[in-house]
Every structure is written in C-alpha cells, then in structure tokens.
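Okay, structure first, notes after.
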Amino acid sequence: MANPDGIAYPRAFWNKNVSPQKACPGVALDRNFDVAWNFTKLISSCSQHYPGFMPFSERETQAIRRIFHYHHHKIIAYINVHGNGFDEKTFKGEAVLYPKGYTEFQEDDDQYIDLKGEIDEAIRNASFRLMAVTVDTLYSWYGIICGASVDYASTVFGVPFSLEFVMQPYSAVFNYNAYQNEVAYDSLNAIWGRIIRAVFQYIWDSSRYIEKRRLSKLIRHPRKFQFRKHNRSKKISYISAIVGNKSDQDYMSVTEISRIIGLWTQVGCGESNDKYDNYTLFRIYPTEESQFEIIKLLQTSNNSIEVLKKSRGYNDSTDVLVPPDRLQSFEELAKENNFNYDLKNQYGRSFESPERAPRRRVLRGFNIYEYHSFAAIQEYIETMASKHPELIKLQTLGSSYQGRKMKLVKISQNPHAGNPIIFVDAGIHAREWVAPAMALYLIHRLVMDPEARKRELRGVDWYVLPVVNPDGYEFTRSSKTNRLWRKTRSKSPVSNCYGVDGNRNYGYQWAVSGVSKNPCDMETYAGHKPFSEPETQMVRDVMLSNADRIKLYVSLHAYGQYLVYPWGYTAEFLPKQWRKLDSLARKVSQAVQSAGGQPFKVMSAGQWYPAAGGSDDFAFGAAHVPYSYTMELTDGYEFVFPESRLRSTLPQLYEGFRAFASEIRNEFSNKRLRDHAS
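Numbers given in the numbering used here equal positions in the sequence shown, counted from 1, plus 52.
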C-alpha cells in the first residue's frame, strides 16, 4: 500500500496523499516522480493531479524510489495498480497501460504490442457485461501526464516491462458495486486472473529473449550496455505499487485489492534445494585482447550468470556459472567471440559430498581432514586449549552479527617474551570452506607436531582466527541453494538485503575501487560505512592492539592459488617495500612446490584486480604490519574443493607457513635478541 493516508482520507474520489500544501492538502503521488515532472506546469495544490512542489517531495514516492535504487538490478517488471484515474462521471473500462505518458510520440515497442495480443487471446472467452479491457499507452488513455511511476521505472531504470493496471469502480457510474456482488465479483476475479496470468506468462517467456538480446548488445555496444539479472532463485522479480487509491467504498477495498493481487503472488514463488544442480561451469581461456574486454564486462554485469573467478592473463581462466535457461545464449556468445573453454555440467551435484554431512565425533574424534560446522570448530579449539594450556590461550573477541562467539587462538611457548606475531585469519568469505580447514590444520600442526614446536614456535607467536564470518559460513552449510553465498549475514540498514563483503569493509582507502555500493549486490558490496560489520571490527582490533608485535598477516581465501600483497586498492603503483613482499611470497611458493604442491601465482593484489577495503591493505597501510598477504588456496575445484583431497593438500600448504615463520624469526626475533644482548 503506497498511499495509506489517502486511502483513509474521508472524502470521495480522493486521488492524493494528505501532506500539507499551500492551499489544499495532498500531492498526486503518481505525478511526483522525476521523469518529465510537471511538464504541464500545474501549480494549484487544490487540483487532484497536483504533482507537488518538486519531484519526490513526498515520503511515499521516496520510498518507491529507494526500492528501484537498491533493487533495480533484479527487477524485470514493475506493475502499478490503480483504481479509475478519471472523475466520478467517467467510465472507460479496465486497462493495462504502458509507457509513455508525457509525449504522443511513441517508439515502436513490439513487446507491448505482442502483450496486447496475449491479453486479447486470454479474455476472448470471458465476459462481463460492464467490462472492456484496453491495452495502450498512458498517453492514449489519459492524454499527456507527467511524473508517472511507470515512465520512471521504464525511462530511468530501464525496467523491461513497466505496466499500469487500471481497475474500475463500477458503482460510481452504474450504481452497482461489483465487489459486493458474488457473481459479479467472481467474473471480475476470473477476468483479472486471466489478464494477470497472461501478463506474467508473457514476461516469463520473454525474459529469455530479453537476456539473449542483452548478451548481443553487450558485445555490440559494450560501453552502453549493462546486464540486469533475475532473482537468484531463477524466478522473475516484481514490484507492485498501489498508488493514487481513493477512499470511497465504491472502489475496491484494501482487502479486495489484496485478494486480486494474490493471484499473481502465487506465480514464480518458492526456491528449491537443487538450484545449482543443472548449472554449467564454463572455464574460459582468453586468447586475444578483445576477449578480455568481454570478460571484464561479464565481471561487472548484473546477470543471472555468476562469475566465480576472473582472468588475469593468457595463462589464467575465467570461471562462469551459467543457469540452464541461459545456457544456449551463453554458448552462442562464447562461439561468436571464439572463446576457448571447458565445460563442467551439473555443477551443483558436486555439492552432494561428505563436506555437507554432519559429523559424529563422539566415538571417532575430530578429523582434521574434514569440513566441520562452526560449533564443531569452536569445540575443537576449546578442547585443544584445555589439553595444552602451556601452548594455547583463547581470547573471546566478541560476537558475530547473529551472536556467535568468536575466539582468537593464541599459540606461544613463551607468551611474555614479546615475540613477533604471525596473525592468520580465514573464512571472511563464507563459501571458501578450504580456508578455515587450512587454519585448523595450521593450529593442529603447531600444537601437535613436535618438530613444529622446535621450528615454527621458536621465537615466534601465532594468532589464528579460524572463521571470520561464522554466520555466512553456517548459511552455506544450510542448503545447496546457499552453498555459494559469499558475504556476511547482517541486515542492511538501507534495504531488505543481507550481507557485506567483509574483504571490502576495512577502513583503508575504503570503497575507492572494485566495490559495489548496492546492498543487494551478491559479491562486492562494501557496506554503508567502513567497519560496519562486527566481524571486521574484531579483526581490526586484533591488529591495532598488537600492532607493535604483528610482523606478518595472512588472510586465507579460495580459490586460484594466488599469493598477493599490497596494494589492493590500486594497480597504478606499489608500496616502497614491494620487493621484500614479493621475495618472501616467492619463497613461500617455492616451499609449497617443493612439497609437491601447486606453486602460487605471486603479484600485488591490485595487479590481480583492484579492490579497496581489503584486510591486507589495512594491515599494511593502517596497522603498519611489515608483511601482509592474501593467500588464495587451491585451484581446479572452484569453491567446492573435495574433502577427500584435504589430506594431501593441507600438508603441502603448511610448508609455506614454515617458510613464513623462518623469515619472520630471522628478521625480527633474532634482531630482537641481538638488540637485547647489546
């Protein structure tokens, strides 16, 4: 209900809200949108069509504007439901109207002409003695009108289908209340049911053509076109707004409006747990410069396809997840542009693995080579701390957004010696399960391996935060549909969407590059302010409270087998110390390779891809940690690294941390001892 105050206003045929104005109360909300606003120069506030003193002067239209602003990337259809738009003496029947209302010059738009044919076909066998159904432009129906929401949705945000449903108050003209007569109501219900189903079926069928046309436009006009996307449940997203309703009971009551609207809310609802089962993974290998431009557009698009990994050169791949209803058009795009690619069909079926099954640990204990729930991880580190109090101390940092306690694992043979600290965190991105697994394995080796105690703990303390984003992590474990969730699970203060990309949320060069400002963006929304998330605040506090001792920071991620260092917010320049950062990274990569693992691709994070607000930049630039890295673990399995491969892979990666420890000890611990001796 977009105009609740107007509905309650005790005057027949009231068309406005009731906000105070100069002479008479109220603004006609569907003339208050900022598209050709007040083109007719109407200034009298006593008119039932008064557009307000400025566009979006009213709270109600501001609220609808916010919906478009934050959700336009998901909206494929906007439907504005009206009662009769004329006075009490005028009857023109039922109508389905489309843009434009502010000009008589209309573009040929086949989709609306085709829609008219579908509606005519739908009502051919239905009749009601007082009903006529028109499908035409706003201008043809009303004459010139300005500031309409339908024009705003179509013109400003490019919503593919923007419609107005006009439902008539029959008693006003014929002294006959159809909505209080069971037979007449059933007739109206039936015919609007036919219209609604015809409209929504046509939108659904056309959405596939629209997407194919968008792909074509993307290639032909790359700078002028941007994808829009469907709801991630593979259903079309709609917004319906009820504006300009009159208060007189000759019109449909709110209850009756809700009953009719209920006909279309049943269309396209629900979400199954097999969402990704029939998705196809395209692993694309670019071979020429023009292909990089296309990939770049894919990466920044808002489409139902999902870019899992981005190409950084001719020896790298872009991994794109394509739903079944986009498969044909995407294959055509790939072939038209001569892409080399590999396919992995039925991608979601790889989710059905032991990694999603709950573990029975009572009898056989905690298996370090398995994926575990956050509760099991917490239980494990608490058990380790109770068994090895001489090595492990736990510090409760606080609670996640949903209230999960987050504990920092401190490992030291001499916590009062002032040793340099290596700080490792993992799992800021929920779907990257191998990262917390590596963090747990690191704790396990440091505590349980006698050789590690002699080497890695000598002169070095370790702080490990196994799961930075526990809410998101548990969300990915809840169903296959949620398995590829990336962000936190906080509720946005400015929209109905959830989550922030924690690795865009740190307060160093925040939001200057590589981020989204849309709270509903599924990948790179940076939050409404730096450190908006309690999880990133806790990591920040660990860094700043130990800034004098932390000499190495490593954030564990997946995937791609990259080891990157600052700066991440820019590719234009490197820090002065980049050679030291690069040299240590290459030593780590060599250590992993010598153990039989896959070497890392080493570069600055900005050269990989510019993205501001990362934890590695904050550690290096704000907390002044001398060595700061993001480690992207594993390649070849995307975000669903097989649990069966953990046993061979984690020990190989551990050798990289041995190299890290050796370097930190030699540079900082030995120097501290020498300074102390002198």
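All residues carry an ideal CB built from backbone N, CA and C; glycine is no exception. Since the structure is predicted, the reported quantities are computational estimates derived from the model, not experimental observations.
Annotation: the continuous beta strand (DSSP E) that includes I602 extends over 602-609. In terms of Cβ geometry, G688 and R535 do not form a close pair [threshold 9 Å]. Per DSSP, the unbroken beta strand (DSSP E) holding A129 starts and ends at 127-134. Taking D394 as the centre and dropping the five residues before and after it, the same chain places the C-beta of R335 closer than 6 Å to its C-beta, in chain order. Judged by DSSP secondary structure, R335 falls outside any alpha helix (DSSP H) and instead within the beta strand (DSSP E) spanning 332-337. For K462, no alpha helix (DSSP H) run applies; the uninterrupted beta strand (DSSP E) run containing it begins and ends at 457-463, by DSSP. Proximity of the stretch 559-570 to the stretch 617-634 meets the contact definition, three or more beta-carbon pairs being nearer than 8 Å. In the three-state reduction of the DSSP assignment, D57 falls in the helix class, which pools H, G and I. Here the alpha carbon of F344 sits roughly 25 Å from the alpha carbon of Q650. When secondary structure is reduced to three states using DSSP, Y681 falls in the strand class. Nearest C-alpha to Y150 among D203, H121, P582, Q114: D203. For F252, the closest of K168, Y194, V594 by C-alpha to C-alpha distance is K168. Shown here for C98: same chain residues with a beta carbon closer than 6 Å to its own, the five before and five after excluded, namely A75, C76 in chain order.
Only residues of its own chain outside the window of five on either side were considered, and among them Y154, C198, G199, A200, D203, Y204, T207, V208 have a CB closer than 8 Å to the CB of V87, listed in chain order. The closest CA to that of Q447, considering only I463, K439, Y453, is found on I463. Under a 10 Å Cβ-count criterion, A469 is classified as exposed, with fewer than 16 other Cβ atoms of the shown protein chains found around its own Cβ.
Contact annotation, L685 with A504: C-beta distance approximately 19 Å; criterion of less than 8 Å not satisfied. One alpha carbon belongs to T576, the other to F213, and they sit about 28 Å apart.
Judged by their CB atoms, G673 and Y560 are nearer to each other than the 9 Å cut-off.
The stretch 513-524 and the stretch 586-604 touch, with three or more beta-carbon pairs separated by less than 8 Å.
A distance below 8 Å between beta-carbons, with the five flanking residues on each side excluded, links I347 to the following residues of its chain, in chain order: I336, P338, K362, S363, T370. By the C-beta criterion, the stretch 626-643 is judged to be in contact with the stretch 665-683, since at least 3 inter-stretch pairs fall below 8 Å. Within the DSSP secondary-structure output, G450 pairs in a beta bridge with M458. Excluding its 5 nearest sequence neighbours in each direction, V512 has C-beta neighbours in its own chain below 7 Å: N471, P472, I474, A713, I716, R717, S721, listed in chain order. As a beta-bridge residue in DSSP terms, K543 pairs with Y550. By the 16-neighbour rule on beta-carbons within 10 angstroms, M106 is exposed.
For the 9 Å CB-CB criterion, V79 and S109 form a contact. Each of S667, E340, P502 was checked against the Cα of A578, and the nearest Cα belongs to S667. Of the residues assessed, D257 falls on the exposed side of the cut-off, its CB having fewer than 16 other CB atoms within 10 angstroms. Counting every other CB atom within 10 Å of its CB across the protein chains shown gives S96 a total below 16, marking it as exposed.
Boundaries for M106: no alpha helix (DSSP H) harbours it, and the DSSP string shows neither H nor E there. For the stretch 609-649, the continuous beta strand (DSSP E) assignments of 3+ residues that do not extend past its boundaries occur at 614-617, in sequence order. Contact annotation: G665 and P582 have beta-carbon atoms nearer than 9 Å.
The three-state secondary structure of F213, taken from DSSP, is strand. The three-state secondary structure of E146, taken from DSSP, is strand.
Taking the Cα of M490 as reference, the smallest distance to any Cα among Y525, H609, P375, E434 is reached at H609.
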